[in-house]
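J.: Residue numbers (our numbering), protein chains in the order written: chain A, 1 to 251; chain B, 1001 to 1299.
Each residue gets a CB set at the ideal place from its N, CA and C atoms; glycine is no exception.
For reference, the structure I am asking about is given below.
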Amino acid sequence: MTTAAPAPLLAVENLRAWYGHSHILQGVSLQVRAGEIVTLVGRNGAGKTTTLKSIMGLVPKREGRVTFAGQDILDRPAHERFHRGLAYVPEERRIVPGLTVEENLRLGILAARGGPGRGGRASRRDEARRIEVIAETFPRLKQRLKQEAITMSGGEQQMLAIARALMAEPVMVLLDEPSEGIMPILVEEMFEQFVAMKRAGTTILLVEQNVELALDVSDRVYIVDGGAVVYHAPAAELRDDPEIQARYCAV
Amino acid sequence: MTDLSLGGFPLDLLALQLVTGIALGAIYVLVGIGLSLIFGLMNVVNFAHGAFFMVGAYVGVFLYGYTGSFWLSLVAAPLAMGLLGLAVERVLVRPLYGRGIDDPLLLTFGLSYCMVESVRIAFGLTGLPFGAPPDLRGAVDLGIGYFPLYRLFLIAFSLTVVGALWLFIERTSFGLVIRAGARDPQIVQVLGIEISKVWLAVFGLGCALAGLAGILAAPLQGVTPEMGIPVLAEAFVVTVVGGMGSLAGAVLAGLLVGIVVAMTSLVAPDMTKMAIFALMALVLLVRPRGLLGRAGALG
């Protein structure tokens, strides 16, 4: 790390997390600076998803330190992270069944200024305007606004999950395995979106199995193994190091 | 002509029983929707729901004794039960979230006994007589016979409330949060919504509906400390027959159960309880998730 680097947007220090009695994270430390795309790679079960969930406050027992925009958020409830500008796209996409595409998108901005029970909320006009902008960015969703979201293809649902997370214009997005189970042509389209998001100033922390594509768009990479970070380097460096790739990333 | 008959019963009697059944069903719908909402969002089986129904009836009847205004009672009973529901959720139920389905069930079961005993101590064991308010007494001629005005009022009023509730859930932002929260509470939290506040509100709303049903039912039978017990059993049947968590299912099943009760009581009054559970068994055999389970408005 260079000494002149600005304070990171997200700093995770010695993060440990448990599911019941199983100790999943053994002490993860990583940093993401504003404007970066950082990727976590590693084998299945290495602790990548749990790292994202712990950052979002979705793992019941967690210890260590998670600082976002200068504030310790480790023990804050999940919904507060949204209000600080941290968005999350979970692994299983989690499109809400029974709701239309438009309703899923609205859900993403409802709480933007308060939300139910918090005094005031985004007005219907704010919502409509934002949906229009997002629909331009994700043309596949545009023709399907009134369709029940769960009837769309996996790739389209993934686009919707990302679009929903972007509705409230977050500072940073955590993306968990966005390419999983999606047609290759859509995966490329999606990674182009990530580059566009970065260009628009959104910081991204990505968990991805498709190492090759991830390395192409990322600034830096962390390799997670056995619940801890075992290696970290600029993406270009890992790209040129097939030995490290083979050791930690082979499925 | 009044000598038309079906199965040995004159048609106007059958029509009267049908209205009675729908009125009864409307009560079940109001109680069942509250149960269903609370179960659908929080996975809490509210065993105190019948007690909220009963206390709501007492609050309404008591207030009517002072003010003479049934309309005031109709507002005050749900309001009081809504507030009591908020307090119960906040203080008693909330610490039990995430601890499985048994703990809140046992807690609300115990709470229902406390509520029934409190009413016995305050108002006596025998209950209070209560009739329809003067301006809703009598019968109206609908062309096919005379029907009790109060029952018609009850049906119209309940269906209006259910319609308003449906609009609330389908058309408002809060309703959107309720529908999403029933399916995936975690994603709702991640999208910045404080789900515990939604749960609090829905618990209060469900209890308010029970209180409203209580005061609406009071003129049919008077009020007793035990009046909530059979209603709770029937409301459970309604949620199971309609499909757990389904609003439209609760409406359909509530009316169905009411009509089955009324018609059975015409043929074999002793068999009404059995008929309800036979209906439930039959529906579950054909559709294990209930009529509209996981396909209705809410879930």
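#1: So what's A:GLN26 in DSSP terms, helix, strand or just coil?
#2: Which residues, in order along the region 1179 to 1199 of chain B, keep a beta-carbon less than 8 Å from a beta-carbon of chain A?
#3: Shorter than 8 Å from the beta carbon of B:SER1173 to some beta carbon of chain A?
#4: Pull up the CB-CB distance for B:GLY1243 and B:ARG1289, whole angstroms please, since I reckon it's below 8 Å.
#5: Could you check where the alpha helix (DSSP H) with A:ILE55 kicks off and where it finishes?
#6: Taking 8 Å as the threshold (beta carbon to beta carbon), is A:PHE138 in contact with chain B?
#7: Under a Cβ-count criterion, where at least 16 other Cβ atoms within 10 Å of its own Cβ denotes burial, should A:GLN71 be classed as buried or exposed?
#8: Going by the CB atoms, is the gap between B:PHE1130 and B:ALA1139 shorter than 8 Å?
#9: Run through chain A and tell me which residues come within less than 7 Å of B:LEU1209, C-beta to C-beta.
#10: In the DSSP assignment, find the beta strand (DSSP E) that holds A:ARG62 and state where it starts and stops.
#11: Going along the chain, which residues of its own chain have a beta-carbon closer than 8 Å to the beta-carbon of A:ARG65, five neighbours each way excluded?
#12: Measuring only between beta-carbons, confirm whether A:PHE68 sits less than 8 Å from chain B.
#13: Taking 8 Å as the threshold (C-beta atoms), are B:LEU1176 and B:ILE1033 in contact?
#14: Beta carbon of B:THR1108, beta carbon of B:ASN1046: below 8 Å?
#15: Look at the Cβ atom of B:PHE1062, then the Cβ atom of B:CYS1207, and state whether they are nearer than 8 Å.
#16: Using the Cβ count rule (16 or more neighbours within 10 Å means buried), how would you classify A:THR151?
#17: With 8 Å as the threshold, decide whether the Cβ of A:VAL96 is near any Cβ in chain B.
#18: Is the region 1023 to 1033 of chain B touching the region 1086 to 1106 of chain B in the sense that three or more CB pairs, one from each, lie closer than 8 Å?
#19: On the DSSP bridge assignment, give the partners of A:TRP18 in chain order.
#20: Is DSSP giving B:ALA1076 helix, strand or coil here?
#21: How would you call A:GLU243, buried or exposed, if buried means at least 16 neighbouring beta carbons within 10 angstroms?
#22: Can you find the residues in the same chain that come closer than 6 Å, C-beta to C-beta, to A:ARG106, ignoring five residues on each side of it along the sequence?
#23: Taking the alpha carbon of B:VAL1077 as the point to measure from, which residue in B:ARG1137, B:GLN1186, B:SER1173 and B:ALA1210 has its own alpha carbon closest?
#24: Tell me, please, whether the CB atom of A:GLY117 is closer than 8 Å to any CB atom in chain B?
#25: Given a threshold of 16 other Cβ atoms within 10 Å of its Cβ, counted over all protein chains shown, does B:ILE1121 qualify as buried or as exposed?
#26: Would you identify the three-state DSSP class for A:GLU92, choosing helix, strand or coil?
#27: Leaving out the 5 sequence neighbours to the left and right, which residues in its chain are closer than 6 Å to B:VAL1198 when beta-carbon positions are compared?
#28: Report the three-state DSSP secondary structure of A:LEU175 (helix, strand or coil).
#29: On the DSSP bridge assignment, give the partners of B:VAL1140 in chain order.
#30: Of the choices A:LEU141, A:PRO170, A:VAL211 and A:VAL101, whose alpha-carbon is the least far from that of A:ALA34?
#31: Does any CB atom of chain A fall closer than 8 Å to the CB of B:LEU1086?
#32: Between the region 1184 to 1192 of chain B and the region 76 to 94 of chain A, do three or more beta carbon pairs fall short of 8 Å?
#33: Residues of chain A with a CB under 8 Å from the CB of B:GLY1176: which are they?
#34: For a quick check, are the C-beta atoms of A:ARG220 and A:ALA233 less than 8 Å apart?
#35: Taking the alpha-carbon positions, what's the A:ILE247 to B:VAL1238 distance?
#36: So, is the C-beta of A:TYR88 closer than 8 Å to a C-beta in chain B?
T.: Once the coordinates are examined:
#1: Mapped onto the first sequence, residue 26 of chain A falls at position 26. In this structure, A:GLN26 counts as strand in the three-state DSSP scheme.
#2: ARG1179, ALA1180, ARG1183, ASP1184, GLN1186, ILE1187, VAL1188, GLN1189, VAL1190, LEU1191, GLY1192, ILE1193, GLU1194, ILE1195, LYS1197 and VAL1198
#3: In the second sequence, residue 1173 of chain B corresponds to position 173, counting from 1. Yes, contact with chain A.
#4: As a first step, residue 1243 of chain B is located in the second sequence; it is residue number 243 there, counting from the start. As a first step, residue 1289 of chain B is located in the second sequence; it is residue number 289 there, counting from the start. Indeed they touch by this definition, with Cβ atoms about 6 Å apart.
#5: On the first sequence, residue 55 of chain A is found 55 positions in, with the first residue counted as 1. Run containing A:ILE55: 48 to 56, per the alpha helix (DSSP H) assignment.
#6: For the purposes of this step, residue 138 of chain A is taken as residue 138 along the first sequence, with counting starting at 1. No, A:PHE138 does not count as interfacial toward chain B.
#7: Position 71 of the first sequence, counted from the start, is the residue given in the question as residue 71 of chain A. It is exposed - the Cβ of A:GLN71 has fewer than 16 other Cβ atoms within 10 Å.
#8: On the second sequence, position 139 is the one that residue 1139 of chain B refers to. On the second sequence, position 130 is the one that residue 1130 of chain B refers to. No, Cβ-Cβ distance for B:ALA1139 and B:PHE1130 is not below 8 Å.
#9: The sequence position of residue 1209 of chain B within the second sequence is 209, counting from 1. None at all; the shortest Cβ gap to chain A is about 19 Å.
#10: Here residue 62 of chain A corresponds to residue number 62 of the first sequence, with the count starting at 1. 61 to 68 is the span of the beta strand (DSSP E), which, as asked, contains A:ARG62.
#11: Position 65 of the first sequence, counted from the first residue, corresponds to residue 65 of chain A. Hits under 8 Å: ALA11, VAL12, GLU13, ASN14, LEU15, ASP72 and LEU74.
#12: As a working mapping, residue 68 of chain A is identified with position 68 in the first sequence. Output row for A:PHE68: interface = no.
#13: By one-based count along the second sequence, residue 1033 of chain B stands at place 33. By one-based count along the second sequence, residue 1176 of chain B stands at place 176. The answer is no: Cβ separation not under 8 Å.
#14: Sequence index remark: in the second sequence, residue 1108 of chain B carries index 108 (1-based). Sequence index remark: in the second sequence, residue 1046 of chain B carries index 46 (1-based). Yes, the pair counts as a contact, with Cβ atoms nearer than the cut-off.
#15: If you number the second sequence from 1, residue 1062 of chain B lands on position 62. If you number the second sequence from 1, residue 1207 of chain B lands on position 207. No, the Cβ-Cβ distance between B:PHE1062 and B:CYS1207 is not below 8 Å.
#16: As a first step, residue 151 of chain A must be located in the first sequence, where it is residue number 151. A:THR151 should be labelled exposed.
#17: For this step, residue 96 of chain A is matched to residue 96 along the first sequence. Yes - at least one Cβ of chain B is within 8 Å of the one on A:VAL96.
#18: no
#19: Taking the first sequence and counting its residues from 1, the one referred to as residue 18 of chain A is at position 18. According to DSSP, which records beta bridges pairwise, A:TRP18 is partnered with A:HIS23 and A:LYS61.
#20: Here residue 1076 of chain B corresponds to residue number 76 of the second sequence, with the count starting at 1. Looking at B:ALA1076 - three-state DSSP - the assignment turns out to be helix.
#21: Position 243 of the first sequence, counting from 1, holds the residue named residue 243 of chain A. When all chains shown are included, A:GLU243 counts as exposed.
#22: Here residue 106 of chain A refers to the residue found at position 106 when the first sequence is read from its first residue. Hits under 6 Å: GLU127.
#23: Counting from 1 along the second sequence, the entry for residue 1077 of chain B is found at position 77. One detail in the question is off: residue 1077 of chain B reads as Ala in this sequence, not Val. It is B:ALA1210 whose Cα lies nearest to the Cα of B:ALA1077.
#24: Counting from one through the first sequence, the residue named residue 117 of chain A turns up at place 117. For A:GLY117, the predicted structure reports a pLDDT of 38, less than 50, and the residue's modelled location is therefore unreliable. The matter cannot be settled from this model.
#25: Along the second sequence, read from residue 1 onward, the residue named residue 1121 of chain B stands at position 121. So B:ILE1121 ends up on the exposed side.
#26: Stepping through the first sequence from its first residue, residue 92 of chain A is reached at position 92. Coil, per DSSP.
#27: For the purposes of this step, residue 1198 of chain B is identified with residue 198 of the second sequence, where counting begins at 1. Hits under 6 Å: VAL1177 and GLY1181.
#28: What you label residue 175 of chain A is simply residue 175 of the first sequence in a count that begins at 1. Strand.
#29: The residue labelled residue 1140 of chain B in the question sits at position 140 within the second sequence. Answer is B:PHE1147, bridged to B:VAL1140.
#30: Sequence index remark: in the first sequence, residue 34 of chain A carries index 34 (1-based). Comparing Cα-Cα distances from A:ALA34 to each of A:LEU141, A:PRO170, A:VAL211 and A:VAL101, the minimum goes to A:PRO170.
#31: One-based indexing of the second sequence puts residue 1086 of chain B at position 86. For B:LEU1086, the answer is no, since every Cβ of chain A falls outside 8 Å of its Cβ.
#32: yes
#33: Reading the second sequence from its first residue, position 176 is the one you call residue 1176 of chain B. It is worth fixing the name first, because residue 1176 of chain B is Leu in this sequence and not Gly. Ordered by position in chain A, the residues that pass the 8 Å Cβ test against B:LEU1176 are LEU99, GLU103, ARG106, LEU107 and LEU110.
#34: Translated into the one-based positions of the first sequence, residue 220 of chain A becomes position 220. Translated into the one-based positions of the first sequence, residue 233 of chain A becomes position 233. Closer than 8 Å, so yes.
#35: For the purposes of this step, residue 247 of chain A is taken as residue 247 along the first sequence, with counting starting at 1. For the purposes of this step, residue 1238 of chain B is taken as residue 238 along the second sequence, with counting starting at 1. According to the sequence provided, residue 247 of chain A is Arg. The question's Ile does not apply to it. If I take the Cα positions, the gap works out to 59 Å.
#36: As a position in the first sequence, residue 88 of chain A is number 88, starting the count at 1. It does; some Cβ of chain B falls within 8 Å.
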